[in-house]
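Undergrad: In terms of the numbering used here, the sequence shown has 167 at position 115, counting the first letter as 1, and numbering is strictly consecutive.
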Amino acid sequence: MYKNILCAIDGSEHSLRAATQACEMARQSGGTLTFIVVTKPFKISSEAKRYLERESLLGEATYIVAPMTEQVLDEAKRAAKKAEIKDVKTVIREGQAARKIVEYAKLQRCDVIVLGSRGRGDIESLLLGSVAHKVSSLAPCTVILVR
């Protein structure tokens with residue numbers, strides 16, 4: 053059985069199913085469950101950055117990302133509560149999703165990574181390859197893709 057479960061979520065329908073599956077796995081095994089959300093870095097032009105610095109608004113960009121990330125994590129926490137999982141950890145990372153997920157799994161010595169087979173970045177995945185495919189290729193542990 054899996055004792056250290058990492059579930060990558062992005063708010064997509066598939067990732068919510070993955071969260072439900074990960075909760076069930078944690079409930080059955082008594083393992084620890086961590087939800088990870090990877091956000092993209094917020095990039096702005098140098099002109100916009102100067103304006104934000106002048107107006108003391110430079111920190112405002114994080115407020116754009118934070119509500120959506122919080123909503124995604126809240127949905128996952130509700131799934132954990134429904135499955136009666138008491139000890140749930142949440143992690144937010146910024147950068148390239150597959151790399152950050154695998155990096156965290158290695159660092160925390162996760163037994164399994166659970167994620168949706170398709171996420172929110174479907175157009176990007178057509179050009180660059182899916183996060184699920186990259187994670188399954190790079191992960192040091194079992195990867196479960198949920199449809």
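All C-beta atoms in this analysis are idealised placements derived from N, C-alpha and C, irrespective of residue type, glycine included.
Identify every run of the alpha helix (DSSP H) within the stretch 144 to 199, keeping only runs that are complete inside it and at least 4 residues long; order them along the chain.
TA: Qualifying alpha helix (DSSP H) stretches, in chain order: 149 to 160, 174 to 180, 183 to 190.
Undergrad: Quick check: Lys88 and Ala74, are their CB atoms within less than 7 Å of each other?
TA: By 1-based counting over the sequence shown, the position of residue 88 is 36. By 1-based counting over the sequence shown, the position of residue 74 is 22. Reading off the sequence, residue 88 comes out as Ile, not Lys. No, Cβ-Cβ distance for Ile88 and Ala74 is not below 7 Å.
Undergrad: What are the boundary residues of the alpha helix (DSSP H) that includes Ala78?
TA: If you number the sequence shown from 1, residue 78 lands on position 26. Taken as a continuous stretch (DSSP letters only), the alpha helix (DSSP H) holding Ala78 covers 65 to 81.
Undergrad: When you compare only the Cα positions, how much space is there between Asp163 and Gly83?
TA: Taking the sequence shown and counting its residues from 1, the one referred to as residue 163 is at position 111. Taking the sequence shown and counting its residues from 1, the one referred to as residue 83 is at position 31. Approximately 10 Å between the Cα atoms of the pair.
Undergrad: In terms of alpha-carbon separation, which member of Val183, Lys158, Cys59, Val187 lies closest to Ala131?
TA: Here residue 131 refers to the residue found at position 79 when the sequence shown is read from its first residue. That would be Cys59, whose Cα lies nearest to the Cα of Ala131.
Undergrad: Confirm, please, whether the CB-CB distance from Val140 to Leu68 is below 7 Å.
TA: On the sequence shown, position 16 is the one that residue 68 refers to. On the sequence shown, position 88 is the one that residue 140 refers to. No, these two residues do not count as a Cβ contact at 7 Å.
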